[in-house]
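Note that the sequence shown covers residues -20 to -1, 1 to 984 in mature numbering (1 follows the signal peptide of the UniProt record, and there is no 0). Built from N, CA and C at the ideal position, the CB exists for glycine as well. The structure presented is a predicted model; accordingly, all values stated were derived computationally and were not measured. This report concerns only the one structure given below.
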Amino acid sequence: MIKNFLVFSFFLFLSFSSFSQQTATFTNDLAEFNQALELYTNEQFLAAQSLFDKIKNSNNDETVQSDCAYYIANAAVRLNQQNADQLMEEFVEKYPTSLKRNSAFIDVANYYFENGKYSYAQKWYEKVDIGNLSRSEREKFNFNNGYVNFKAKRYDDAKNYFNQVSTSQQYGSQAKYYLGFIAYEGDDYEEANKNFEEVKGEERYSEDLSYYQADMNFKLGNFQKAIDMGKEQFDKSSPAEKSQLSKIIGESYFNLGQYAEAVPYLKEYKGTRGKWNNTDYYQLGYAYYKQENYESAIGEFNKIVDGKNAVAQNAYYHLAESYLKLDKKQEALNAFKNASEMDFSAEIQEDAYLNYAKLSYEIGNSYKSTPQVLLSFIEKYPNNANNDELKKLLIDSYITSKNYKEALDLLENNKNFTDKAAYQKVAFYRGIELYNEANYNEAISFFDKSMKESQDARFAARATYWKAESDYQLSNFEKSLAGYKNFAQMASSQNTSENKNLRYNMAYNQFKLKNYTEAIVNFKSYVGSSSAETVRKKDAYLRLGDSYFVTSQYWPAMENYNAAAEMGGDNDYAQFQKAISYGFVDRSEKKIEELIAFIKKYNKSVYRDDALYELGNTYVAQNKSNEAISAYDQLVRDIPNSSFVSKALLKKALIYDNTGKSNDALAIFKRVAKDFPSTPEALQAVSSAKIIYIDQGNVDEYARWVKTLDYVQVGDTELDDATYLAAEQPYLENNQSQAKGRFEDYLKQFPNGQHALNAHFYLGQIYFADGKNDQAIPHFEYVVNRERSEFTEQALARVSELYLGKKDYQNALKYLTRLEAEADFPQNIIFAQTNSMKASYELKQYAEAVNYAEKVLQNSKIDNSIKSDAQVIIARSAMKTNNESKAKTAYAEVQKIATGQLAAEALYYDAYFKNKEGNFEGSNASVQKLAKDYSGFKLYGAKGLVLMAKNFYALKDAYQATYILESVTKNFTDFPEVVEEAKAELAVIKNTEAKTNSSVETEN
């Protein structure tokens, strides 16, 4: 239409302007112009542009030039030439009076519009003079301009233009459709619905209208209508539209409480860009929950990760309830905890917190101690109707979690928790705890507190008993005995577990007090009772034997030693004492027979050197010198580190001296003086040698020899003795301060004196008792670096202990190795082996650590605490050397017998190995047991939670995994390595979950 009008106007121009001037040139120009116009009309724009350009350059008529410029610019637009806009601008500027000026603007704008270049179109529409447009052109202008602004989402401008053509016959329906959409986007659903209704019958809009109207009705709360309209369009929709309609229909059913009908539609929804968000998971999960399909509900709820709004709080609360319905209490605890930490709904928050507190009491809590959880709830919600019940649970939780110290603090300092019966019980258990830590004085103070309440007679009796036990450990034997007697008189003592060992403990007390007659009565009472335990019963027989022995009742002593031996096990002590007893009833031959049998049978007994020495002495008493010498020689040969070696050698020398073998005797005396300097045997050897030298007339040789012995100072002996005795006396009287100064003075005056070894040992003991360990070490080292003496073994144990305390494992191991080889007492051998394995482990000598641990485990006499220490060393060493199979076996053994921290460690590794094997539920069960029974050991609690998170993620429970890991990062900052592991694991899980859940935030 526009193009024909332009041609017509051109012809008018020709007829009026040059009718009388037709020339051949003009005719030729007209022909070319018409030819160019025909090319333009036939959309041969490049050829037309070229010909118009030629005409423009060859014709001087401004009107012709103007028309040519117009068509050249228009052709450039249609050819998408880079300078098209510039050519059009030049046309407008150069020919401002051209009749085609307004036509140029609108024609170019319409061209860009029709080709979808709406931003270009808008630029030119803005230049149009609307007043010069016809009605039809104005309608098209308004509609096109409205659409251009609509596409640019400038809805207010678009609405103004569309409103001007809303009644147009040609554009009205389209305008109302877009006006409806603008209202829809602006949430003005009534206006949108009004416009959509007016174009509803037009087929080209029907599909979109059904979706929009369904969505609008949903948003207006007209859920049934939304369902009806959505279903009407559902089968005819594209996959993308079907997904959106599924959401509208499903959520409408959801809001109407028709959850069964909602589920298939909610499931059909594909999400935005293929991702659901937390609200989507919540709706489907809640629909399952309302149908009591808790497994499926959990499967949706637990995909809600990073939820931080009211929907998430509601979801986590119902997730927790779903877990409870399926008896998954650990999972429920986490979900309740999460819901209780959100404040979008105060009602949900309080109820979630209550359930979290109750579950913490029931199954334990790895994040925070159960008492802390219960107490914080009571403090936050003081008016909650459940608080009386929770207060009882709180006290009980302190007891079950063995957190007696905090329980006492609560009971003593909070008026709301005045409960004398609970206080009596908690004070008692705190006393037991301190007793087990060897803190006996403080333990007594708590037993006194427990006894003072007297709410429960049974606990009063038990506290009395354990106070007596504490006094016994402190060597307060008189007080201890009085306590045991008091316990025995209490009627409630009969029903306690402590009562069965009462006679045994009383007997030991009297034994220590040297009340042997009373000790015998009580030991006999104990061994005759049906409640006597095998180990204690055998020990009671041995102590009965000892009590009879020290009261010179040797036949009854032997009977009890025999009774102990008949109970099996290690009987070397009983057999040795029995043999000695024969000597006191004038049965020397039987004594010799028993000693010989003992030496043959118990070739590794710590009493073997005692037996050989006693055998030699018995032969001496019978004037059987050769047999005596043979026994002494065997002792020196077989047990060279025995403290009896110097004594045996001295005895042998005396036999030689008494039988006229003076030179043989002298050689042995000199050996004793050299190898065992400063000992009583050495001093006696020097005295005996002096007599021989005098008898032989070799006094000068004696003098030369004595000068080689730095501990013998001729003429100073009496001063040496007097100075030493002045120091020893206050030491024996427990006046440590005075003794210390005098021992130090003695060593300054007689650094190599005959009592130097004793002085060094006692000084070491004094410094050790004062806690001055660094000053004690040199004195003990002096003792262990000298000849073997009665103090050597104890000094080795002490110096090893001190180096272990300093974590100087290299030096500790040096002395522990000696102690193991030289010790006579079994407990010192066990001490040496046990600590050698620990020191080797700390020095990363894992093979040696395992060897020592296996050596320790071969000893049947060790108690469970030592066994668990050994198994843990084996397990840890195996982990360090990547031998997880061996570690698993060792930790399983630890788990059977360990208590406290080692039990927590073993339980953690039980969970660790189950995780490795893919037994994720079993692993979680172990972590939960760790939380309930060993909540005080936070490191393993934290490590266990990280393990639990891994288990849950492997079980497809992303919620549990992420929530646990986030809680670890917040609650266990004291363990940075565990927190870093939790963060790394959390990042991996979130990155994976973000692929399907748009609500999950990931870190770059």
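- Contact annotation: residue 830 and residue 854 have beta-carbon atoms nearer than 8 Å.
- The beta-carbon distance between residue 571 and residue 554, rounded to whole angstroms, is 15 Å. This is too long to meet the 8 Å contact definition.
- Here the segment 930 to 937 does not lie against the segment 949 to 957, with fewer than 3 beta-carbon pairs under 8 Å apart.
- Residue environment: residue 291 is assigned as buried (16 or more neighbouring CB atoms within 10 Å of its CB, all protein chains considered).
- Where residue 818 is concerned, the enclosing alpha helix (DSSP H) starts and stops at 806 to 822.
- Comparing alpha carbon positions, the residue from 230, 709, 33 closest to residue 719 is 709.
- In the three-state DSSP reduction, residue 122 falls in the helix class (H, G or I).
- In terms of Cβ geometry, residue 623 and residue 770 form a close pair [threshold 8 Å].
- A contact between stretches requires three or more CB pairs, one per stretch, nearer than 8 Å, and the segment 284 to 300 meets this requirement with the segment 314 to 332.
- Residue 977 sits in a strand when the DSSP states are folded into three classes.
- Runs of the alpha helix (DSSP H) lying entirely within the segment 902 to 975 and spanning at least 4 residues, in chain order: 918 to 934, 938 to 951, 956 to 973.
- If the five residues before and after residue 714 are omitted, its C-beta is found closer than 6 Å to no C-beta atom of its own chain.
- Within the same chain, 855, 886, 889 come within 6 Å of residue 871 by CB-CB distance, once the 5 residues on both sides are set aside.
- A distance below 6 Å between beta-carbons, with the five flanking residues on each side excluded, links residue 776 to the following residues of its chain, in chain order: 764, 795, 798, 799.
- In this structure, DSSP gives residue 598 a helical state, which the three-state scheme calls helix.
- One alpha carbon belongs to residue 681, the other to residue 627, and they sit about 25 Å apart.
- Secondary structure note for residue 852: its alpha helix (DSSP H) is the uninterrupted segment 844 to 860.
- Within the same chain, Cβ atoms closer than 6 Å to the Cβ of residue 265 are found at 277, 280, 281, the five residues on either side in sequence being excluded.
- Within 10 angstroms of the beta-carbon of residue 563 lie 16 or more other beta-carbons, which makes it buried.
- Around the beta carbon of residue 942, 16 or more other beta carbons lie within 10 angstroms, which makes this residue buried.
- Remark: C-beta atoms of residue 505 and residue 480 do not approach each other more closely than 8 Å.
- Taking a C-beta distance under 8 Å as the contact criterion, residue 692 and residue 666 qualify as a contact pair.
- Minimum Cα-Cα distance from residue 711 among the listed residues 552, 690, 687, 744 corresponds to 744.
- With respect to the C-alpha of residue 556, the residue from 589, 503, 614, 112 having the closest C-alpha is 589.
- Non-local C-beta neighbours of residue 639 in its own chain, meaning closer than 7 Å and more than five positions away in sequence, comprise 605, ordered along the chain.
- A straight line joining the alpha-carbon of residue 299 with that of residue 967 spans about 23 Å.
- In the DSSP annotation of this structure, the continuous segment of the alpha helix (DSSP H) that includes residue 380 starts and ends at 367 to 380.
- Annotation: residue 881 to residue 922 spans about 14 Å, alpha carbon to alpha carbon.
- Residue 687 is bridged by DSSP to nothing; it lacks a bridge partner.
- DSSP places residue 519 inside the alpha helix (DSSP H), whose first and last residues are 514 to 530.
- Contact between residue 161 and residue 145 does not hold, since their C-beta atoms are separated by about 15 Å, which reaches or exceeds 8 Å.
- Looking at the backbone, the Cα of residue 972 and that of residue 875 are separated by about 36 Å.
- Secondary structure at residue 252: strand, using DSSP grouped into helix, strand and coil.
- Residue 257 carries a coil assignment under DSSP once its states are collapsed to helix, strand and coil.
- If only complete runs of 3 or more residues are kept, the segment 704 to 747 shows no beta strand (DSSP E) anywhere.
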